[in-house]
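If you're matching positions, the sequence shown starts at 1 in the working numbering and goes up one per residue.
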Amino acid sequence: MNTFLRRSSNSHKSLNILIMRFNSGLGDLGSGAGKGGGGGGSIREAGGAMGQREAANEEEYFYKQQKAQVDRIKKDIEFRKQEIEKHIEEIKKAKDRISKTRNREAYRRNQESKR
């Protein structure tokens, strides 16, 4: 997994870190100190309703961040698709101009050879 993270772009890194965070196996969030060593702060370590609420707020925050990131990536992809379409059209127009120029040159050579 670490090799994959190093190869990914920055936007993918943060997305993968969020996914790894959700799959970390902490048990019930907000129910006290987890297995992994350090706690999540005094409120979360205490457990109870406040710890669960804090964990829920944190999960909601990261969910919104991840959703916004996915939305930005989707918009970027759509923008790049539009740019690609524009470039394809420009290439087609350039090829048409080249073809017309070649046809004109061939016509002129043909007319000159008839003289």
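Note that CB positions come from ideal geometry on N, CA and C, so glycine has one too.
(request) Starting from R115, follow the alpha helix (DSSP H) in both directions and report where the run begins and ends. (result) As a first step, residue 115 must be located in the sequence shown, where it is residue number 115. Segment: none, R115 is in no alpha helix (DSSP H) and carries neither H nor E.
(request) Alpha carbon to alpha carbon, how far is E90 from Q52? Give it in angstroms, no decimals. (result) As a working mapping, residue 52 is identified with position 52 in the sequence shown. As a working mapping, residue 90 is identified with position 90 in the sequence shown. Cα-Cα distance, rounded: 57 Å.
(message) Rounding to the nearest angstrom, what Cα-Cα distance links F79 and T101 in this structure?
(response) By one-based count along the sequence shown, residue 79 stands at place 79. By one-based count along the sequence shown, residue 101 stands at place 101. About 33 Å.
(request) Whole angstroms is fine: what's the gap from E112's alpha carbon to K95's? (result) Within the sequence shown, the letter at position 112 stands for residue 112. Within the sequence shown, the letter at position 95 stands for residue 95. Distance between the alpha carbons of E112 and K95: 26 Å.
(request) Report the rounded CA-to-CA distance for M50 versus V70, giving the unit in angstroms. (result) Within the sequence shown, numbered from 1, the residue matching residue 50 stands at position 50. Within the sequence shown, numbered from 1, the residue matching residue 70 stands at position 70. Rounded to the nearest angstrom, the two C-alpha atoms are 30 Å apart.
(request) Just the C-alpha distance for G48 and Q82, rounded to the nearest angstrom, thanks. (result) Start at 1 with the first residue of the sequence shown, and residue 48 comes out as number 48. Start at 1 with the first residue of the sequence shown, and residue 82 comes out as number 82. So the alpha carbons of these two residues sit roughly 51 Å apart.
(request) Apply the 10 Å Cβ neighbour rule to A55 and answer buried if 16 or more other Cβ atoms are within range, or exposed otherwise. (result) Position 55 of the sequence shown, counting from 1, holds the residue named residue 55. A55 is buried by the Cβ-count criterion.
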